[in-house]
Amino acid sequence: MTERLRSGVWCGAPLTRSLNEMHDLRGTYVHRGDSERLRRRFRRWIIAGGVVVTALAAGRRPVVLDARAESAHPSTAVAGQRVATIADRLRAADTARIATARLQRWNRNYTFSRRWMVDTELARAIHDAALDAGIDPELGFRLVNVESQFKERATSGVGAAGLMQVMLPTARYYEPTITKEKLYNRETNLRIGFKYLRDLIDERRGNVKLALLTYIAGRSAFRPSSRSDLTPRTDTTRR
Numbered sequence: 001m002t003e004r005l006r007s008g009v010w011c012g013a014p015l016t017r018s019l020n021e022m023h024d025l026r027g028t029y030v031h032r033g034d035s036e037r038l039r040r041r042f043r044r045w046i047i048a049g050g051v052v053v054t055a056l057a058a059g060r061r062p063v064v065l066d067a068r069a070e071s072a073h074p075s076t077a078v079a080g081q082r083v084a085t086i087a088d089r090l091r092a093a094d095t096a097r098i099a100t101a102r103l104q105r106w107n108r109n110y111t112f113s114r115r116w117m118v119d120t121e122l123a124r125a126i127h128d129a130a131l132d133a134g135i136d137p138e139l140g141f142r143l144v145n146v147e148s149q150f151k152e153r154a155t156s157g158v159g160a161a162g163l164m165q166v167m168l169p170t171a172r173y174y175e176p177t178i179t180k181e182k183l184y185n186r187e188t189n190l191r192i193g194f195k196y197l198r199d200l201i202d203e204r205r206g207n208v209k210l211a212l213l214t215y216i217a218g219r220s221a222f223r224p225s226s227r228s229d230l231t232p233r234t235d236t237t238r239r
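Read left to right, the sequence shown gives residues 1 to 239 (my numbering).
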């Protein structure tokens with residue numbers, strides 16, 4: 001065999017002819033069919049590859065968005081929790097402040113009730129009415145004690161009525177439609193009486209002593225010529 005190869009027997013005309021025939025097949029139907037199949041296969045590969053790439057790209061986008069959303073959710077949740085925590089703390093602080101104020105108010109009313117030997121409801125009414133008018137409750141209790149000794153139906157010889165011994169004309173200056181009977185109402189009497197005292201203090205430019213003397217003795221009891229003149233006049237009819 002080696003000798004034949006060396007002598008060119010296998011590389012002679014038969015082998016050369018076969019090669020030439022295969023070379024001539026390039027332009028035949030068989031060769032064109034192979035090429036066409038190859039091209040179609042190649043196109044299918046390209047299309048399939050494009051579909052795969054598109055699918056992967058489409059599948060990745062939601063993941064990225066979801067990932068961003070998931071990354072945003074923790075911070076949003078934390079912020080929401082912080083806001084809720086702050087709101088809870090503010091509500092708790094308001095509740096504690098209100099509870100403290102109520103406790104202090106109750107304690108003051110109880111103290112006044114024990115000191116002046118009156119029931120707690122009356123003490124509460126005097127305390128609240130004085131504060132509403134801008135009067136020190138301590139001063140308010142002293143004035144009520146002097147005026148009526150905490151008797152709601154007290155009536156003076158000149159017609160002053162109730163806890164604060166308010167005259168009907170004075171009461172009608174603040175509430176024009178009030179009647180004498182309504183003037184004995186606890187809250188009404190205290191409200192008008194302390195408003196009147198507040199106005200007297202303002203008129204006397206903050207001189208509480210002069211305002212109290214005017215309240216007790218009446219406006220006509222003191223000469224208006226001098227703020228320091230506290231000598232009562234002879235006509236002490238209250239107004």
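Backbone N, C-alpha and C fix where the C-beta goes; we use that ideal spot for every residue, glycine too.
- Apart from the five residues just before and just after Arg172, which ones in its own chain have a Cβ nearer than 7 Å to its Cβ? Spatial neighbours of Arg172 in its own chain (CB-CB distance under 7 Å, excluding positions within 5 residues in sequence) are listed in chain order as Ile178.
- Just the C-alpha distance for Arg60 and Asp88, rounded to the nearest angstrom, thanks. Caution applies to Arg60, whose pLDDT of 49 falls short of 50 and renders its modelled position unreliable; the model cannot decide the point.
- Query: Per DSSP, what kind of secondary structure is Val118 in: helix, strand or coil?
  - Reply: In the three-state DSSP reduction, Val118 falls in the coil class, being neither helix nor strand.
- Query: Nearest CA to the CA of Asp136: which residue from Val166, Trp116, Arg97, Leu197?
  - Reply: Taking only the C-alpha atoms, the option nearest Asp136 is Leu197.
- Message: Which residues does DSSP list as the beta-bridge partners of Val166?
- Response: According to DSSP, which records beta bridges pairwise, Val166 is partnered with Ala161.
- Item | Close beta carbons around His127, own chain, < 7 Å, minus the five adjacent residues each side | Sequence-distant partners of His127 (beyond 5 residues in either direction) whose C-beta falls short of 7 Å from its own C-beta, in its chain, are Arg108, Asn109, Phe112, Pro137.
- Reduced DSSP secondary structure (H/G/I, E/B, other) of Thr179: Secondary structure at Thr179: coil, using DSSP grouped into helix, strand and coil.
- Excluding the 5 residues preceding and the 5 following Ile216 in the sequence, name in chain order all residues of the same chain whose CB lies nearer than 6 Å to its CB. So no residue of the chain qualifies.
- Where Ser220 falls: helix, strand or coil (DSSP): Helix.
- Could you pull the start and end residues of the alpha helix (DSSP H) that Ile192 belongs to? Ile192 -> alpha helix (DSSP H) spans 186-203.
- Message: Which same chain residues end up closer than 6 Å to Ala123 when comparing Cβ atoms and leaving out the 5 residues on each side of it in sequence?
- Response: Same-chain partners within the cutoff: Asn109, Phe112, Ser113.
- Message: For Arg153 and Glu181, what's the separation of their Cα atoms in angstroms?
- Response: It is roughly 10 Å from the alpha-carbon of Arg153 to the alpha-carbon of Glu181.
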